[in-house]
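Down below is the structure, laid out as structure tokens.
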Amino acid sequence: MCAASTIGDATATWGQPRASESSPACRAGATGPRSRLKFPRIARRWRSSPIPGGLVETFPGLYDRGMPPSPSLAVATRAFAQPLNLALRRVAACGATGVQFELREELRPELLSESGRRQFLHRLSELGLSLSPPYFPTRRALHDPEQIDDRVTAVANAMRFASELRARVMTLRLGPIPGSETAAEERRLLVTILNDLVRHGNHVGVTLAISPSGEPAAVYQQLLAEIKQGPIGIDFDPCSFVCSGLKVADAFRTLHTHIVHVQARDGVRDLDGTGAETAVGDGMVDWIELLALLLEAGYRGWVTAIRNQGQDRGGDVERAIAHLKSIHL
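With the numbering used here, the residue at position 19 of the sequence shown is 26, and numbering never jumps.
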């Protein structure tokens with residue numbers, strides 16, 4: 008089932024225990040420039056002590072305990088289903104300051120030479136845009152035995168490409184998280200893979216941020232505690248918690264010290280227990296409360312409008328930016 012696979016300078020055999028290796032933590036900087044979004048003086052619904060530990064030391068510009076926070080707004084360009092040049096113009100026009108690219112099909116490393124990457128980043132700068140954490144989708148769960156070596160290598164290569172684009176975080180959805188008791192072997196395999204990927208992230212300067220897939224926040228908190236070889240974060244997706252019948256505010260409180268990216272994605276949960284994505288503002292996410300929590304936590308990273316379903320996904324992400332910017336007193 009398990010073959011050898013090479014990530015960067017480390018060789019890992021999936022499913023086999025390996026000796027612990029120490030490597031320097033990724034000294035990543037701030038995840039992006041401040042947008043001009045000014046959050047209101049919202050009545051705080053959650054009061055807490057200053058953020059302890061977590062990724063605060065790894066990302067010194069991501070959380071600020073002394074200055075008013077100013078998260079930056081970005082748009083996932085894949086929602087437009089248009090050539091990138093046209094999509095970038097729409098992002099700039101809607102008032103966002105960042106863009107998120109999908110690194111499997113939308114923006115592939117073989118499409119850009121070294122000089123092409125420089126020109127591409129210069130083009131973003133001309134439009135007043137920066138890169139928010141890119142996203143790499145996998146066709147199966149990360150630890151699925153089928154084609155596991157190819158999958159993990161593809162993730163590692165995408166992390167390297169993200170680094171070449173000057174990103175410091177890359178988001179990834181793992182799939183269902185195996186339990187430590189009910190699926191111990193699968194759990195050990197997933198932890199082994201993640202430890203190898205974060206070690207690779209130390210080498211290339213990119214931190215992996217995992218997106219929730221419906222499990223309670225405590226499941227991800229426990230998983231992250233098992234990753235010892237480098238920093239790893241959470242790509243906070245409020246829609247996934249709503250669709251699973253979980254409270255977004257409680258999930259944020261549990262995971263806030265690990266959050267390095269936030270998705271602006273909304274959803275509803277039906278009476279039959281199923282969930283569905285909606286446009287931002289049309290679902291069950293309390294955006295006033297969530298933005299207040301970001302304010303309270305001092306989060307200054309990216310909030311990216313993402314739309315995976317719907318008849319007008321491009322218009323929906325543009326309206327999401329307008330909705331988030333309109334939340335003021």
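Note that beta-carbon positions come from the ideal geometry of N, C-alpha and C, so glycine has one too.
Coarse secondary structure for residue i, derived from DSSP in three states
i: M177; result: strand
i: D203; result: helix
i: Q316; result: coil
i: H268; result: strand
i: S132; result: helix
i: V275; result: strand
i: V310; result: strand
i: D323; result: helix
i: A165; result: helix
i: E193; result: helix
i: E284; result: strand
i: A216; result: strand
i: I295; result: helix
i: D156; result: helix
i: F243; result: strand
i: S333; result: helix
i: I328; result: helix
i: C250; result: helix
Cross-strand partners of residue i (DSSP beta bridge)
i: G105; result: A81, S137
i: Y227; result: DSSP output for Y227 lists no bridge partner at all.
Interface flag, residue i vs chain C, CB-CB below 7 Å
i: L300; result: Of the protein chains in the structure, only one exists, and it is not chain C.
Proximity to residue i [Cα-Cα], best of the options
i: D242; options: C101, L95, Q107, H150; result: Q107
i: G282; options: V310, R175, Q316, V267; result: Q316
i: G305; options: A99, A271, H265, E222; result: H265
i: H268; options: L149, G280, A148, F259; result: F259
i: Q89; options: R124, A103, V162, E113; result: E113
i: R326; options: H129, A94, C101; result: C101
i: S132; options: P141, A99, Q236; result: A99
i: K235; options: L201, R96, V213, L172; result: L201
i: D319; options: G290, R167, T285, F168; result: T285
i: R391; options: K254, Q154, W294, R158; result: Summary: the structure shown does not reach residue 391, with the chain confined to residues 8 through 336, and so no result is reported for it.
i: L331; options: A299, E303, G321; result: A299
i: L119; options: A81, L149, R175, E171; result: E171
i: A232; options: H150, T199, P116; result: T199
i: L191; options: V159, G212, D244, L230; result: With the sequence shown as reference, residue 191 is identified as Ala, and Leu is not the correct amino acid for it. Out of V159, G212, D244, L230, L230 has the C-alpha closest to the C-alpha of A191.
i: S187; options: V310, Q228, I239, E109; result: Q228
i: T311; options: Y142, F127, A165, L134; result: Y142
i: G208; options: L302, R125, L197, G240; result: G240
i: G290; options: L301, A271, R167, E303; result: A271
i: R194; options: R158, S137, H150; result: H150
i: L95; options: L80, A169, S122, R130; result: R130
i: F127; options: D156, L302, N92; result: N92
i: P183; options: S218, R167, L80; result: S218
i: G237; options: R206, D257, S79, V249; result: R206
i: L302; options: G321, G322, A256, I313; result: A256
Integer-rounded CB distance, given that residue j should sit under 8 Å from residue i
i: V324; j: A83; result: 7 Å
i: L5; j: A224; result: The structure shown does not extend to residue 5, since the chain is modelled only from 8 to 336, so the question has no answer here.
i: S251; j: G221; result: 4 Å
i: C246; j: D273; result: 6 Å
i: T178; j: P140; result: 5 Å
i: R175; j: T214; result: 6 Å
i: W294; j: I328; result: With 8 Å as the limit, W294 and I328 do not qualify as a contact, their Cβ atoms being about 12 Å apart.
i: E109; j: R124; result: Not confirmed; about 16 Å, so no contact.
i: L204; j: P185; result: Their Cβ separation, rounded to whole angstroms, is 17 Å, which puts L204 and P185 out of contact at 8 Å.
i: R173; j: L138; result: 7 Å
i: R167; j: V211; result: 5 Å
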